[in-house]
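Asker: Its first residue numbered 0, the sequence shown is counted upward by one per residue in numbering that gives the first Met the number 0.
No residue lacks a Cβ here, since even glycine has one placed at the ideal position from N, Cα and C.
All of these numbers come straight from a predicted model, not from anything done at the bench.
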Amino acid sequence: MDQMNKARVRGWWEAMDQFNAVDITKFKEWLNTAEGLLNVQLKQLENGASSSVQSPPEDGSN
């Protein structure tokens, strides 16, 4: 039974106290990467939203 526990893949639903220091470090790095990617995407969305509000669309009627 102990070998089965060692061989199985750990899942995201398990409590953090069941992970070792290496697992926690990897998880922190993954979260930091995800946060960075989300911040870039948010900034792009904010820039797109602000630029579309500031300048009206060109329709050729001027």
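1) What does the alpha-carbon distance come out to for the pair D16 and E28?
2) Report all residues from its chain with a CB closer than 7 angstroms to the CB of V8; omit the five preceding and five following residues, and keep chain order.
3) Which of the three DSSP states, helix, strand or coil, is assigned to N19?
Answerer: The short version:
1) 18 angstroms
2) none
3) coil
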